[in-house]
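Worksheet: one structure, shown below.
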Amino acid sequence: MSHYAPTGAQGQHANKLALMNDMKKINLGELWRTDAQMLQFELARLRKIIRHNATSGTGAEEALRKFLQARLPSSLGVTQGQIIDSHGDISLQSDVIIYDAKRTPHIFHSPEDGTSVVPAEGVVAVIEVKSSISKTDIPGVIKNMQQVKRLKKEAYFYPPPGHVVGYDLYGRGPAPAWPITYSLFAYESASAKNLAEAFEEHNRPLEVDKRIDNACFLDKGALLNMDEKGGYHALPTDQTTHFVGTSADALLYWYAAASSVWLQAQHYPINMVIYAQRHDSIGEES
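Residue numbers (the UniProt record's numbering): 1 to 286.
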């Protein structure tokens, strides 16, 4: 018995249909749950090898930086260190600094340990990393966040008057510079309910643009901001409330929300002459 074998255009169409039927869909949730397990495994491995908590914590920070470097586009750099503004104010040591890699000159960089001093004008986000966290740690995280969000982003080559773009990420009206967002990332955490309550107690009284913006509790869930329609966002407004999403997909939901802000970041070219001029005036005052 002979079998019909389509030829020409009919054959190509049949082959395409067969290929489409054979294709398997990727389960994004499963993929990111594997990534989360790998991060958790890395922390467990560090704890077995390194008995000193501070050293294993440093390894946990590095693991997250590598995770982000592998997934963010080359236009965004990932480093650790301190952030300085043109007035001479400087942040505490930041675990993860995400910055505009195409426009940001480093004021200092150590290739040995990957530590940098980065001008505030080019910084997109800061992430504070904790191996483990409980509600009693939240006031300390807020203090660290305030050290970052008080920095001024002013040293730019601005376009002519009337061409300056305003950025309104917090629903409070346009600001002349893209703000630095602040996230918390914890590998292990206490009760998600207690952490959410601690956020409400210590974070909510602050001005909306001066809060910890979001958090990932890797083993519990993603703490994000919910609007009136049930949509979730990386950044708060006066109309949003905190909520903790599903624990199984904490990494996926947190990264999806936070990176949606990072990837939109825009900066004018940085004017380092302003840093030099203000440094001279600071020296004269002292």
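Beta carbons are placed, not taken as given, at the ideal position from N, Cα and C, and that holds for glycine.
- Burial of E61 is indicated by the presence of at least 16 other C-beta atoms within 10 angstroms of its C-beta.
- According to the DSSP assignment, P176 belongs to no alpha helix (DSSP H), since it is labelled neither H nor E.
- Sequence-distant Cβ neighbours of T115 in its own chain, meaning closer than 7 Å and more than five residues away, are Q80, G81.
- In this structure T34 is exposed. Its beta-carbon is surrounded by fewer than 16 other beta-carbon atoms within 10 angstroms.
- Your pair Y275 and P119 checks out as a contact, with CB atoms roughly 7 Å apart and the cut at 8 Å.
- Closest in alpha carbon position to I180, among Y170, I107, W32, is Y170.
- The three-state reading of DSSP puts K193 in helix, counting H, G and I together.
- Between A257 and L223 the beta-carbon gap is near 10 Å, outside 8 Å, which marks them as no contact.
- In this structure, the alpha-carbon of H267 lies about 43 Å from that of K48.
- In the DSSP assignment, G77 is bridged to Y99.
- By the Cβ test, the stretch 122 to 133 is in contact with the stretch 94 to 105, since at least three Cβ pairs between them sit closer than 8 Å.
- Pairwise C-beta distances place the stretch 86 to 93 out of contact with the stretch 240 to 247, as fewer than three of them are shorter than 8 Å.
- As DSSP reads the structure, M38 sits in no beta bridge.
- At a Cβ-Cβ threshold of 9 Å, V96 and F185 count as neighbours.
- Looking at the DSSP output, F108 sits in a beta bridge with V117.
- Looking at the DSSP output, F243 bridges to L224.
- As the crow flies, the alpha-carbon of R45 is around 14 Å from that of E188.
- Shown here, E201 sits in a helix according to DSSP, grouped into three states.
- Shown here, S183 sits in a strand according to DSSP, grouped into three states.
- Comparing alpha-carbon positions, the option among P236, K135, W254, G231 lying closest to L218 turns out to be W254.
- According to the DSSP secondary-structure assignment, A125 is paired through a beta bridge with I98, T181.
- Secondary structure at N27: coil, using DSSP grouped into helix, strand and coil.
- Secondary structure at S259: helix, using DSSP grouped into helix, strand and coil.
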